[in-house]
Every structure is written in structure tokens, then in C-alpha cells.
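Chemist: Counting from 0, one number per residue, gives the positions in the sequence shown under numbering that gives the first Met the number 0.
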Amino acid sequence: MTIHYRNTVTGKYIGGFGGDAKPGAGQNAVKCPAPPHGAAIWTDDGWTYTAPPTRDLTRAEFIGMLAGTELDVIWTDMQAALKGVTGKVAEASRASLAANLHAKFYNLTATLGLVAQFRTFAASINPDYAAMLTDDNITAAWEATVARSNGGTA
């Protein structure tokens, strides 16, 4: 059986110990329930934890996320559909797609904004794309990418 301990002064989680193992002397340790996350802090009568905001992705992570979720197919299809279209809107759309593909870092909020701009257009190419391009799907893929690159924890 694992027994969990926290520091009575800082509220920080010390760890879970099994058998006869216990925290070292001077750690102000007291038994407690397991925290929801190792970075949780004990406040008054329970654990509190606020997940950090989703971080930006590197270009390699972003490209990997696109390929892993098949969103790269949508990107390619949109570029192909815009290729022969003339006019300022099409020109601006092509430039936006190209610029975003070659950025050094990608921000989730900015990416969701870009996807919102192109969602209807993508769905006109293939109706299945609408379901793939929801904010929830993009956010879930983003969080999974962050978790993978952090060794399994977002």
C-alpha cells in the first residue's frame, strides 16, 4: 500500500511511499490523499492544481501533429484548390497557408483562428474535413503532441 505525504509548511507533495519507507526527517511530512498531479499544492483542506497553458509547438512538432492526425491532407488539398484561383482573397489565403507552414513556432490560439478562417472552405473540398477541423479535435491533437514531447505528461 502506498502512503502519500505532503509538506505541512509549503503544501508541496513529497511523494508516495510503500512498505516501511517514509519521507526524511526535516521535511515537515504529514500523510495525505494522493494529489491529482505532482505539481499540486495543498491549500487548507485539499489539493489545488491548475494545468499550465498549452505551450507553443516547434515546427517539427507541428508538422508531426499534422501528419499524425491526417490534417496534412487537408492542408495539401486546400493549397491545391487555391492554386488556380485568382483574386486578392485567394492570393491572401495562399500566402497565409504558406506563411503558417514555415513558421518556427506555432501557437494554439493562433492556429485555431487560422483553422476557423479556412474551415468552411476545407469542408467545401471534402465534407468530412468539417468534423476533423473542430476546435476540440485540434486542441486534443495539440495536447497529445505536447504530452508526447514531454514524455507523456502535458
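Beta carbons are placed, not taken as given, at the ideal position from N, Cα and C, and that holds for glycine. The structure presented is a predicted model; accordingly, all values stated were derived computationally and were not measured.
1) In its own chain, which residues sit with a C-beta less than 8 Å from the C-beta of residue 5, not counting the 5 before and 5 after it?
2) Given residue 133, which residues of its chain have a CB within under 7 Å of its CB, disregarding the five upstream and five downstream residues?
3) Let me know the secondary structure DSSP gives residue 149 once reduced to three states.
4) Using only the alpha-carbon positions, how far apart do residue 126 and residue 75 sit?
5) Where do the ends of the beta strand (DSSP E) carrying residue 6 lie?
6) Does the separation of the CB atoms of residue 144 and residue 60 fall below 8 Å?
7) Going by C-alpha distance, which of 93, 7, 138 and 45 is nearest residue 109?
Modeler: For this structure:
1) Reading the sequence shown from its first residue, position 6 is the one you call residue 5. Closer than 8 Å at the Cβ level, and outside the excluded window around residue 5, lie 11, 12, 13, 28, 29, 31, 34 and 41.
2) Taking the sequence shown and counting its residues from 1, the one referred to as residue 133 is at position 134. No residues qualify anywhere along the chain.
3) On the sequence shown, residue 149 is found 150 positions in, with the first residue counted as 1. Coil, per DSSP.
4) Your numbering for residue 126 matches position 127 in the sequence shown. Your numbering for residue 75 matches position 76 in the sequence shown. Roughly 15 Å separates the two Cα atoms.
5) Translated into positions along the sequence shown, residue 6 becomes position 7. 1 to 6 is the span of the beta strand (DSSP E), which, as asked, contains residue 6.
6) Position 145 of the sequence shown, counted from the start, is the residue given in the question as residue 144. Position 61 of the sequence shown, counted from the start, is the residue given in the question as residue 60. Yes, the pair counts as a contact, with Cβ atoms nearer than the cut-off.
7) As a first step, residue 109 must be located in the sequence shown, where it is residue number 110. For the residues 93, 7, 138 and 45, the minimum Cα distance to residue 109 belongs to 138.
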